[in-house]
Amino acid sequence: VGNGLWRDVFTCDPRGETVADGFDAESPPLAPAVLKMMKSEHPYDQRNLQRHRRDALVMERLSSSHHLVPIYGYCANTVLTQAISHTLDDVIYAREKERVKKWSAHGGYKTSPPLESWMGRDENGELLATRETELGRIRLALGVFRGLMDLHEGDRTTRDKEWLPIVHADIQSKQYLVDATTGQIYLNDFNRCRFMGKKDPVGLSLPGNKTDDTFAALASDLESCPIYIPTSPGASRSPEEYLFDPLTEKLDIYSAGNILYGIITGNKPWNNDRGKHIKEGIKKGERPPVDESIRNAEGTVDVELTRLLDRVYEGDPKKRASAKEVVGELEKLLERELEKKKEKVSLQGDKEEES
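With this note's numbering applied, the sequence shown corresponds to residues 174 to 528, in that order.
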C-alpha cells in the first residue's frame, strides 16, 4: 500500500478485523495493522538491524503514550504497527494535493480526494483535523509537539523516573500520522533516532563510601551527552546539523518548526526548494519568511503561532524553546480560544432569545 526510501508497507489483518474505513468510496477497507519491511535492495547487516531495533524500542518504551504510533510486534528488519491511513502532510497540504496529480500504484496519475471526503467531523460538523480554522491550526501544532514532548521528556509512565531525551532526527510532516476517525496525531518512524547518553557531573565518583541515597541524588542531576550525526540530508534540518556541531534533542524542535510554518502559512518552507543554497542560508541564520499580513495581524491566533515559530527557529539550541514549553503555550492558547468561542456562542444565544 505504500513505501519510502527504506521500507515497503503492507496491510495486515491477522485476526480478520478489517472494517470499512468510512473515508472515500474508492478506498479499500482499512486493515487494523501494517507490516513495514525493509526493501530487498538494502543490505541485511548490523547497521540496518540496529535501525529497526531502535524504531521498535522507542515505540515499546513509550507504548503508554497517546502521541506515538502503537507497536504490535517486531522482528529483525520488520515491524508491525497500528494502521493509520493518512499523514499530517495530507492534512496540511490537502488543497495542493487535490490539485496536483501524483502517481499511485492503485490508479496511475491522479489527484488526492478532497479532505472533506475522508476526514471525520465533530459533533458541530467541523473537520477533526484541518489547518483552515484557527482552532484547527492550534490542534495540529499541539499534535506535533506533544509527540516530541513524550519523546524528549518521557510519557506519563516515565515522568517519575530518570529519562534522557530520545532524538528523532528526522522530523517532517510525513512522519506524523493522522487518524481520520478521531483527529488524533501520532509521531512515527524512529529508525534514525538517537538515544542520548548520560554525562557524569564533574567530581562524581562511585566509591563504596557513598550510600544509595547519595548516589540517587547525584544521579538525578546527571546531564545528557551531546550526539553526533555524520550526515544531514534534505532542507528540513537545524543549523547545528548542517554545521556538524554537537547535537541535542533541540534539533527536533527546529525541524518541527518547518511543520509549524506549514500549519501557519499553508506553504512548504522555501517553496520545497532543497538546494545547497538553502542549507547555506540556514547556517547563516536565514529562515522561511512569514508574510507580514500574518505576522502583524495582532489579536489573532496566527500572531501567537508565529511568535512560537520564532522561538523554535532560534539558531542557538540552548535558547531554543523545548517541546514542553511549546506545548504549554499552545495549551494556554487553545484554552483561550475555546473560551472565546464559548462566549461567542453564549452571546448569540442571548440575542436569539431577545429577538
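Glycine is no exception: its CB is placed at the ideal position from the N, C-alpha and C atoms.
Bear in mind the structure is a predicted one, so any value in this text is a computation, not a measurement.
Own chain partners of residue i with C-beta closer than 6 Å, once the 5 adjacent residues on each side are dropped
{"i": "H325", "result": "P338, E422 and A496"}
{"i": "F183", "result": "L208"}
{"i": "Y486", "result": "G430 and R460"}
{"i": "V476", "result": "A470"}
{"i": "A494", "result": "R484 and V485"}
{"i": "L520", "result": "none"}
{"i": "G195", "result": "Confidence is the limiting factor: at G195 the pLDDT is only 45, short of 50, which leaves the residue's position unreliable and the question unanswerable from this model."}
{"i": "K452", "result": "Y415"}
{"i": "P287", "result": "E271"}
{"i": "L315", "result": "L503"}
{"i": "G175", "result": "V182"}
{"i": "D352", "result": "I257"}
{"i": "L507", "result": "I311"}
Residue i burial status per 10 Å Cβ neighbour count (16 or more: buried)
{"i": "T303", "result": "buried"}
{"i": "G522", "result": "exposed"}
{"i": "V500", "result": "buried"}
{"i": "H225", "result": "buried"}
{"i": "S346", "result": "buried"}
{"i": "S428", "result": "buried"}
{"i": "N444", "result": "exposed"}
{"i": "V474", "result": "buried"}
{"i": "S466", "result": "exposed"}
{"i": "R509", "result": "exposed"}
{"i": "L478", "result": "buried"}
{"i": "N361", "result": "buried"}
{"i": "P412", "result": "buried"}
{"i": "V317", "result": "buried"}
{"i": "D263", "result": "buried"}
{"i": "L273", "result": "Contrary to the premise, residue 273 reads as Val rather than Leu in this sequence. When all chains shown are included, V273 counts as exposed."}
{"i": "A249", "result": "exposed"}
{"i": "G281", "result": "exposed"}
{"i": "Y434", "result": "buried"}
{"i": "R294", "result": "exposed"}
{"i": "T260", "result": "buried"}
{"i": "D218", "result": "exposed"}
{"i": "W276", "result": "exposed"}
{"i": "R188", "result": "exposed"}
{"i": "D197", "result": "For D197, the predicted model reports a pLDDT of 47, less than 50, meaning its position is unreliable; a value from the coordinates is still stated below. Answer is exposed; the Cβ neighbour count stays below 16."}
Residues near residue i in its chain [Cβ-Cβ closer than 7 Å; skip 5 each side]
{"i": "F388", "result": "Bear in mind that a pLDDT of 46 at F388, under 50, signals an unreliable position, so the number given afterwards is only what the model happens to contain. None."}
{"i": "C185", "result": "A204, A206, V207, L208 and L253"}
{"i": "S237", "result": "D328, R329 and T330"}
{"i": "V518", "result": "none"}
{"i": "A229", "result": "I244, Y247 and V252"}
{"i": "H215", "result": "W179 and N221"}
Among the options, the one whose alpha carbon lies nearest that of residue i
{"i": "K212", "options": "K492, G472 and L178", "result": "L178"}
{"i": "E299", "options": "Q348, H341, T355 and Y247", "result": "T355"}
{"i": "V242", "options": "Q255, L416, I400 and L230", "result": "Q255"}
{"i": "Y349", "options": "F368, F363 and V340", "result": "F363"}
{"i": "D489", "options": "T284, L424 and I437", "result": "L424"}
{"i": "I437", "options": "G454, L481 and E413", "result": "L481"}
{"i": "V340", "options": "L420, P216 and L433", "result": "L420"}
{"i": "H442", "options": "S409, H259 and Y415", "result": "Residue identity check: residue 442 is Pro in the sequence provided, not His. Among S409, H259 and Y415, the Cα nearest to that of P442 belongs to S409."}
{"i": "K372", "options": "I400, I358, D352 and C366", "result": "I400"}
{"i": "Y170", "options": "G407, H240, E502 and K513", "result": "Past the boundaries of the shown model lies residue 170; the chain is included only from 174 to 528, so the question cannot be answered."}
{"i": "S405", "options": "G435, I455 and S397", "result": "I455"}
{"i": "L222", "options": "S397, I344, M369 and R365", "result": "R365"}
{"i": "N440", "options": "K513, A267 and K491", "result": "A267"}
{"i": "G472", "options": "R447, I432, M369 and K513", "result": "K513"}
{"i": "E335", "options": "D446, N176, S397 and L507", "result": "S397"}
{"i": "R447", "options": "Q219, G407 and Y217", "result": "G407"}
{"i": "I402", "options": "M369, L235 and I265", "result": "M369"}
{"i": "R180", "options": "M210, K505 and R188", "result": "M210"}
{"i": "L321", "options": "E305, D343, R468 and K492", "result": "D343"}
{"i": "E289", "options": "L301, E516, D464 and F417", "result": "L301"}
{"i": "D323", "options": "D418, R188, T306 and E233", "result": "E233"}
{"i": "Q357", "options": "M292, K492, R188 and E190", "result": "M292"}
{"i": "R319", "options": "E498, K515 and E516", "result": "E498"}
Same chain, Cβ closer than 8 Å to residue i, neighbours up to 5 away in sequence not counted
{"i": "L511", "result": "L308"}
{"i": "T284", "result": "K270, E271, R272, V273, K274 and K275"}
Residues bridged to residue i [DSSP beta-bridge criterion]
{"i": "F368", "result": "I339"}
{"i": "W276", "result": "Y282"}
{"i": "H259", "result": "V351"}
{"i": "L482", "result": "The partner list for L482 (beta bridge, DSSP) is empty, contrary to what the question assumes."}
{"i": "D228", "result": "None; D228 has no bridge partner."}
{"i": "I244", "result": "T254"}
{"i": "L360", "result": "L241 and Y349"}
{"i": "I400", "result": "L420"}
{"i": "N431", "result": "Paired residues: none, contrary to the question."}
{"i": "R294", "result": "L300"}
{"i": "F318", "result": "BP columns for F318 are empty, so no partner."}
Any non-hydrogen atom of the ligand MN within 7 Å of residue i CB
{"i": "V242", "result": "Ligands are entirely absent from the displayed structure, and the ligand MN is therefore not among its contents."}
Chain D contact for residue i (CB, 8 Å cutoff)
{"i": "V485", "result": "Given the protein chain composition of this structure (a single chain), no chain D is represented."}
3 or more residues per run - each beta strand (DSSP E) lying fully within the region 455-505: Secondary structure remark: continuous beta strand (DSSP E) runs of at least 3 residues inside the region 455-505: none found.
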